[in-house]
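One structure below.
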Amino acid sequence: ETGVTQTPRHLVMGMTNKKSLKCEQHLGHNAMYWYKQSAKKPLELMFVYSLEERVENNSVPSRFSPECPNSSHLFLHLHTLQPEDSALYLCASSQELGGHEQYFGPGTRLTVT
Amino acid sequence: GEDVEQSLFLSVREGDSSVINCTYTDSSSTYLYWYKQEPGAGLQLLTYIFSNMDMKQDQRLTVLLNKKDKHLSLRIADTQTGDSAIYFCAESANTNAGKSTFGDGTTLTVKP
């Protein structure tokens, strides 16, 4: 138990669906992250939030839309995804930005059909 | 940009020591991490080392850092079947606004 929870753990969605991934951290951290982990590819950093402000967007397609309503919660809104978006989506948090260890949630296994 | 490299696979017998190696390119790396990922789970921070340290030991885990060669290793003593997982090396720098660079992960298989 890392103090970072993600829901749902598994999600299957069609290409026309709209769904949201949720991440919650109970660690009092100020920074939160979304990563994408695909088979046979390195971890890809998608978004970074610090104190609810987005500080990094790594050229992620607009069909992924993050939202950070407060420092404990992070969402990833999904719409009109493609099959190649199927992956494990990992949320992480750290005390501050820069040079601090990150604590990961268990991930949401997303399958786009 | 920054790069972190690891060998992809390692297989050892139960009770032996495992050594997982990692090289990185960013000379401004301040923190170096080892994460463990078990099947179907997220990454779990195992240990980390500051760049001004050469070694860190934590129970069965020993981290060695050769800053000159930008080489990091993780040694697991008395490896158990429960240690079978993917191990990720990662680095970050204070100047990099929260961005950690991860290696591709080394899959450790422990045979009974």
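Protein sequence lines, in the order shown, are assigned to chains A and B. Our numbering numbers the first residue of the first sequence as 36 and each following residue consecutively. Our numbering numbers the first residue of the second sequence as 15 and each following residue consecutively. Ideal Cβ positions, reconstructed from N, Cα and C, are used throughout, including at glycine.
Looking only at A:Lys71, A:Val39, A:Thr40 and A:His61, the smallest Cα-Cα distance to Asp120 of chain A is reached by A:Lys71. Inter-residue distance for Thr115 of chain A and Arg144 of chain A is about 17 Å (C-alpha atoms, whole angstroms).
The CB of Tyr47 of chain B comes closer than 9 Å to the CB of Glu136 and Gln137 in chain A, given here in chain order. Unbroken beta strand (DSSP E) runs of no fewer than 3 residues, entirely contained in the stretch 58 to 88 of chain B, are found at 69 to 72 and 75 to 80, following chain order. The C-beta separation of Leu75 of chain B from Ile90 of chain B comes to about 6 Å, placing the pair in contact by the 8 Å criterion. The three-state secondary structure of Glu136 of chain A, taken from DSSP, is coil. Among the CB atoms of chain B, none fall inside 7 Å of the CB of Gly38 of chain A. Not one beta carbon of chain B lies nearer than 7 Å to the beta carbon of Leu86 of chain A.
For Gly142 of chain A, the nearest CB of chain B lies under 7 Å from its own CB, placing it at the interface with that chain. Here Ser55 of chain A has Phe110 and His112 as same chain residues with Cβ atoms under 6 Å from its own Cβ, once five neighbours each way along the sequence are excluded. Identification of residues in the stretch 49 to 75 of chain B having a C-beta nearer than 8 Å to some C-beta of chain A yields Tyr49, Gly54, Ala55, Gly56, Leu57, Gln58, Leu59 and Tyr62, given in sequence order. Not flagged as an interface residue toward chain B: Leu62 of chain A, since no C-beta distance is shorter than 7 Å. Nearest in C-alpha terms to Asp83 of chain B, of all of B:Phe102, B:Ser31, B:Ser65 and B:Leu122, is B:Ser65.
Remark: C-beta atoms of Asn65 of chain A and Leu86 of chain A approach each other more closely than 7 Å. By the CB criterion at 7 Å, Pro141 of chain A and Ala99 of chain B fall outside the cutoff.
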